[in-house]
Amino acid sequence: MALSLVVHLNKKNQNKNMNRTLLLTIAFLLTPLLTCAATQNKSIDKPNVLLIAIDDLNDWVGCLGGHPDARSPNMDRLAERGMLFANAHCQAPICNPSRTSIMYGLRPSTSGVYMNAPRPWSVAALDDQITMPRYFAANGYRTFTTGKIYHGSGLPPGDFDVVGPRPGQRLKELDARLVPATKGGAKGLWDFGPQSYDEDLFQDRVDADWAIDVIRSHGTTDSPQPDQKPFFLAVGFYRPHVPFYSPARIFKQIPIDEIDLPPIKENDRDDLPEIASELMVAPVAPPHQWFVEQGKWKEAVQSYLACIRWTDEQVGRLLDALDKSGHSKNTIVVLYSDHGFFLGEKGRWAKQSLWERATHVPFMIDAPGMKSGAICEHPTELLSIYPTLIELCGLPKRNDIDGVSLKTLLKNPDADWPHMAVTTHGKNNHTIRSHTHRYIQYRDGSEELYDLRTDPNEWTNIASDPGQAKIKTELSRFIPDTNADAARGNRLGKKNK
Ligand SMILES: [Ca+2]
Ligand SMILES: [Ca+2]
1 MALSLVVHLN KKNQNKNMNR TLLLTIAFLL TPLLTCAATQ NKSIDKPNVL LIAIDDLNDW
61 VGCLGGHPDA RSPNMDRLAE RGMLFANAHC QAPICNPSRT SIMYGLRPST SGVYMNAPRP
121 WSVAALDDQI TMPRYFAANG YRTFTTGKIY HGSGLPPGDF DVVGPRPGQR LKELDARLVP
181 ATKGGAKGLW DFGPQSYDED LFQDRVDADW AIDVIRSHGT TDSPQPDQKP FFLAVGFYRP
241 HVPFYSPARI FKQIPIDEID LPPIKENDRD DLPEIASELM VAPVAPPHQW FVEQGKWKEA
301 VQSYLACIRW TDEQVGRLLD ALDKSGHSKN TIVVLYSDHG FFLGEKGRWA KQSLWERATH
361 VPFMIDAPGM KSGAICEHPT ELLSIYPTLI ELCGLPKRND IDGVSLKTLL KNPDADWPHM
421 AVTTHGKNNH TIRSHTHRYI QYRDGSEELY DLRTDPNEWT NIASDPGQAK IKTELSRFIP
481 DTNADAARGN RLGKKNK
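Under the numbering used here, the letters of the sequence shown match residues 1 to 497, in that order.
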């Protein structure tokens, strides 16, 4: 607009011998505007970023084929638009350390944040570690967030420019308790079933509404708003984390009698080292026996599946908003879950373990100019989100974060890839996921090994088979060299485990 104003003034006055001083004065006054417009245009050439974090979503999504009753047409649509990382894994099988790893760009074994305490922003040693949103803000982005991006809806101070609603896992005023709380059974957040209040009031819908407003409030590359910066928008959905609540409407789509329960094998745990049983205890989850004896297993699986569909609807609303606003062509969309979830497999529930159902996550990236409609089978890590976005957005490279950029794979999913996916649960307990195998090494030296090609449920631990020595040696090379002591949260006074 500033440029057209100058042209207009010049034409109007070209034959009138207008006072040159006046013209020069106008040009002088307009110079900052022109400079500003040039900067703006350069800035909005950078792609926007939409980060969609889903809580406790295992691989039960349509495009990963993890469960026959799972429906996720919108996540599938995103995968078709971009790239599905079909062998992607979290770096820790529990909320706080997984999300810390993603947002700070550090492995749990580097940061020492292994469990749900302490929050990383209470750890003095991490004060100088620049989080992903702060790095984007420092490089010309305006940053927004809503919902659960770190653990428990908390945020490091000043982490985002604009903070939207963060209603939490349970809405005290609205969510009715559905399964009576009992000692030794469902209690606390462990509850499931349909809620019947207005859908507009569900937390993930409230968060999606806010995010849609943010998207709509930004002009497109073709028609930027004054002073517009590209956006970095992080949206964290709370479901399908417990309580498994979603609108009653969705439950009707999933007849309980037709639900398939996940496969389990009798005595599956007999070939596990002792430490595995110790580490996989999820203290607040009801024991599997409770679900079986109370006849609640199918009901809980139905509720989890319904939450997936509900969350998927919110993902679809965000994608629709991007399309309608014209931002799709200039926005990188990253969707991931912070870790997986067990619903009875191995006779257990929740996450907290180093097996496939807890580490394998939906992970997809749709980036302008990259390959679309592709599936990448290489082992990948959520830790790669930060360096990948840095590279795709042309931000200065950082050498103080772990993880490798996925840009090579986004161009060619079959490119050479020497990396493995590493997941850590507590100090010195690691699992390495290759294309074909899972190797687990615990802090006492005990091991597990599974061949996922013939044993996708990880039922048969072949670690003691002498014929497997070579592959164990190969995979153990990927165990991190650094294994930090558990971090202490000096401000909150909570010790990590
Ligand atoms: Ca989680
Ligand atoms: Ca077994």
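Just so you know, even glycine gets a beta-carbon here, dropped at the ideal spot from N, CA and C.
These numbers were taken from a predicted model, which means no experiment stands behind them.
Closer than 7 angstroms: residue i CB and nearest ligand 1 heavy atom
i	result
His-339	yes
Asp-271	no
Asp-55	yes
Cys-307	no
His-241	yes
Cys-393	no
Cys-95	yes
Pairwise C-alpha distance: residue j and residue i
i	j	result
Tyr-104	Gly-426	18 angstroms
Gln-40	Gly-168	Here the model assigns Gln-40 a pLDDT of 44, short of 50, so the residue's position is not dependable and the matter cannot be decided.
Pro-156	Gln-129	11 angstroms
Leu-64	Thr-146	27 angstroms
Ile-471	Asp-416	19 angstroms
Glu-458	Lys-346	9 angstroms
Asp-200	Val-206	7 angstroms
Gln-548	Arg-477	Because the chain here runs from 1 to 497, residue 548 falls outside it and cannot be looked at.
Gln-294	Gln-302	15 angstroms
Gly-193	Cys-90	28 angstroms
Ala-276	Gly-445	11 angstroms
Met-364	Thr-460	30 angstroms
Asp-213	Tyr-141	17 angstroms
Leu-395	Asn-116	31 angstroms
Ala-469	Ala-367	41 angstroms
Ser-505	Val-49	A query on residue 505 cannot be resolved here, the shown segment of the chain reaching from 1 to 497 and no further.
Ala-137	Asn-412	30 angstroms
Asp-227	His-218	11 angstroms
Closer than 7 angstroms: residue i CB and nearest ligand 2 heavy atom
i	result
Thr-388	no
Thr-460	yes
Asp-455	no
Asp-465	no
Asp-268	yes
Host beta strand (DSSP E) of residue i (start-end)
i	result
Val-334	331-337
Met-420	That residue, Met-420, is in no beta strand (DSSP E); it is neither H nor E in DSSP.
Tyr-450	447-451
Tyr-245	244-247
Asn-74	From DSSP, Asn-74 is part of no beta strand (DSSP E) but of the alpha helix (DSSP H) over 73-81.
His-288	Where His-288 is concerned, there is no enclosing beta strand (DSSP E), although the alpha helix (DSSP H) it sits in stretches over 288-293.
Ala-364	Before going on, a small fix: residue 364 reads as Met here, not Ala. That run of the beta strand (DSSP E) goes 363-366.
Leu-261	Premise fails: Leu-261 is in no beta strand (DSSP E) and is neither H nor E.
Ile-440	437-441
Ala-53	48-54
Nonlocal neighbours in the same chain, by C-beta distance under 6 angstroms from residue i, ignoring five residues either side
i	result
Lys-351	Pro-93, Ile-94, His-339, Phe-341 and Ala-358
Pro-102	Inspection of the sequence shows that residue 102 is occupied by Ile rather than by Pro. Excluding sequence neighbours, Ile-102 sits near Leu-382 and Ile-385.
Pro-97	Pro-108, Val-113 and Tyr-114
Val-242	Leu-189 and Trp-190
Asp-312	Ser-72, Asn-74 and Met-75
Ala-307	The displayed chain sequence assigns Cys, not Ala, to residue 307. The answer, listed in chain order, is Arg-239, Pro-240, Phe-244 and Ser-246.
Leu-51	Ala-234 and Val-334
Residue i - containing alpha helix (DSSP H), residue span
i	result
Gln-314	297-325
Leu-410	407-411
Ala-138	132-138
Ile-275	274-279
Val-214	203-217
Cys-376	No alpha helix (DSSP H) holds Cys-376; the beta strand (DSSP E) holding it covers 374-376.
Nonlocal neighbours in the same chain, by C-beta distance under 7 angstroms from residue i, ignoring five residues either side
i	result
Thr-482	Ser-109 and Thr-110
Asp-451	Thr-436, His-437 and Ile-462
Lys-42	In this predicted model, Lys-42 has a pLDDT of only 48, less than 50, meaning its place in the structure is not dependable; the value taken from the coordinates is given anyway. Nothing listed; no residue qualifies.
Gly-152	none
Ala-583	Not covered by the structure: residue 583. The range shown for the chain is 1 to 497.
Cβ neighbours of residue i in the same chain (closer than 8 angstroms, five flanking residues each side left out)
i	result
Val-123	Ser-111, Gly-112, Val-113, Ala-487, Arg-488, Gly-489 and Asn-490
Val-361	Leu-57, Asn-58, Asp-59, Ala-88, His-89, Cys-90, Tyr-336, Ser-337, Asp-338, His-339, Gly-340 and Leu-382
Buried or exposed (CB count within 10 angstroms, at least 16 for buried), residue i
i	result
Leu-354	buried
Lys-252	exposed
Gly-66	buried
Ala-285	buried
Leu-22	Only weak support is given to the placement of Leu-22: the predicted model assigns it a pLDDT of 39, under 50, and the question is left unresolved by the model.
His-435	exposed
Gln-203	buried
Ile-256	exposed
Pro-240	buried
Gly-62	buried
Val-334	buried
Val-315	buried
Glu-528	The first residue shown for the chain is 1 and the last is 497, placing residue 528 beyond what the model contains.
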